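Only one structure is covered here, and it is reproduced in the block below.
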Amino acid sequence: MNFYDIPEHIDRREYRREIDNYVRRIARYEELVAVYTIGSVSLPGISDIDMICILKEPISNGMKFSALEHSENRRLFLHDVYVVAPEHFEKLQYIIYPSNLKLVYRRPDLVASPPDTQMISNNLRLMYLLDINLMRLRQFFIAKSDGQCNVRNWMTRILSLRHSIDLCKSVDIGLSEETEETNHRLREFRQRWIGTRSYHFDDFSGLFLKAEKAIQDIFQRALIRFRDMYATEEALDEAPLKIGRDKILFTNGVLPEYSYRGRTRTVICKVPLYLKYHYLGYLGRGEHSYGQEQANRFRVVSSHGAFLAKNRLHYSMKGNIGFTYMRNPLLDRLKRLVRVGINR
Numbered sequence: 001m002n003f004y005d006i007p008e009h010i011d012r013r014e015y016r017r018e019i020d021n022y023v024r025r026i027a028r029y030e031e032l033v034a035v036y037t038i039g040s041v042s043l044p045g046i047s048d049i050d051m052i053c054i055l056k057e058p059i060s061n062g063m064k065f066s067a068l069e070h071s072e073n074r075r076l077f078l079h080d081v082y083v084v085a086p087e088h089f090e091k092l093q094y095i096i097y098p099s100n101l102k103l104v105y106r107r108p109d110l111v112a113s114p115p116d117t118q119m120i121s122n123n124l125r126l127m128y129l130l131d132i133n134l135m136r137l138r139q140f141f142i143a144k145s146d147g148q149c150n151v152r153n154w155m156t157r158i159l160s161l162r163h164s165i166d167l168c169k170s171v172d173i174g175l176s177e178e179t180e181e182t183n184h185r186l187r188e189f190r191q192r193w194i195g196t197r198s199y200h201f202d203d204f205s206g207l208f209l210k211a212e213k214a215i216q217d218i219f220q221r222a223l224i225r226f227r228d229m230y231a232t233e234e235a236l237d238e239a240p241l242k243i244g245r246d247k248i249l250f251t252n253g254v255l256p257e258y259s260y261r262g263r264t265r266t267v268i269c270k271v272p273l274y275l276k277y278h279y280l281g282y283l284g285r286g287e288h289s290y291g292q293e294q295a296n297r298f299r300v301v302s303s304h305g306a307f308l309a310k311n312r313l314h315y316s317m318k319g320n321i322g323f324t325y326m327r328n329p330l331l332d333r334l335k336r337l338v339r340v341g342i343n344r
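Reading the sequence shown from the start, the letters are residues 1 to 344 in the working numbering.
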């Protein structure tokens, strides 16, 4: 595998300077409501800047709020800022799993109500365990298939594994001894970077493989919890469900299996048959409390996607609900892109 973009220590003051420069540049625009940061720069050189920019409409030119477009130090960003409307920020926990939100700027005459991240339901936590870790397994598959590993990107992904582990503990999902050991190794890795501003490459390559196994463990245990709570054996049928352009195929397998097909190298993902009820919940076909919370999440995510599309904020990330959806939030428009069919 080709390992590239090896991280090096970056002074914390560079992060602060970049954030200050960004806020100073956009503060003059009347659309701006507030700017928040997510997380913390605990590992300078590995950590990136995660920011949320809250804008009110009408937005004359969305590109002027791009951080990467005008960045003075691109090493500090792995992706651009999140852009949300005030109503989306109030429900941010339905779009992304926020941690450690910090206000860095607010217009004196405007107010943005932060989300109550302490009141995230267990159903929503379980959704993130399924959606995020299925995405991570797909990213592992692509990296190994292509033989390319961006070390900086993968360090942030691997070290963020602790968030999934914390989610598991918050909903009383036990983990294997191997996953707990991997979590311990991650803490040691963090301490070494903080103490010496360096790492042993063998440690990273070993953690790359261990993290994949840990994510498999987390995903499988979250699947079992979902199955036991919302997909009982009586509810299952033998019909595979195919969703969207990523071709998520449902089989009787336990863990995802991936393959490439066609000239465009479409990713084919096979997941357990009962997980289809998780996706059907996003399409309004879940009557239990989990499905109702999914409906809440889908409404916010699709509304946010429509907001980004309307204002040409294509650089901002959107909520990941496991499949592609139309920018228009109406369900009938969604179904033109998300093709759901039952093959018998």
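For glycine and all other residues, C-beta sits at the position ideal for the given N, C-alpha and C. Please read these numbers as outputs of a predicted model, since none were measured by experiment.
The straight-line gap separating the alpha-carbon atoms of Ile165 and Glu287 is approximately 28 Å. Assigned with DSSP and collapsed to three states, Phe77 falls in coil, not helix or strand.
Within 10 angstroms of the beta-carbon of Pro7 lie 16 or more other beta-carbons, which makes it buried. For Phe3, the uninterrupted beta strand (DSSP E) run begins and ends at 2-4, by DSSP. DSSP places Lys270 within a strand segment (E or B) once states are collapsed to three. Here Met317 carries a coil assignment [DSSP, helix/strand/coil]. When DSSP states are grouped into helix, strand and coil, Arg261 belongs to the strand group. The residues Tyr199, in chain order, have a CB closer than 7 Å to that of Arg192 in the same chain once the five nearest residues on each side in sequence are set aside.
With at least 16 other beta carbons inside 10 angstroms of its own, Asn133 counts as buried. Comparing alpha-carbon positions, the option among Thr251, Ile248, Glu177, Cys269 lying closest to Tyr258 turns out to be Cys269. If you ignore the 5 residues before and after Glu72, its C-beta comes within less than 7 Å of the C-beta of Glu18, Asn21, all in its own chain and listed in chain order.
Close CB contacts of Ile49 within its chain, under the 8 Å cut and outside five residues either way in sequence, are with Tyr15, Glu18, Ile19, Thr37, Val41, Ala67, Leu76, Phe77 (chain order). Non-local C-beta neighbours of Pro98 in its own chain, meaning closer than 7 Å and more than five positions away in sequence, comprise Ile38, Leu92, Pro115, Thr117, ordered along the chain. Relative to the Cα of Arg74, the nearest Cα in the group Gln294, Arg152, Ile26, Phe140 belongs to Arg152.
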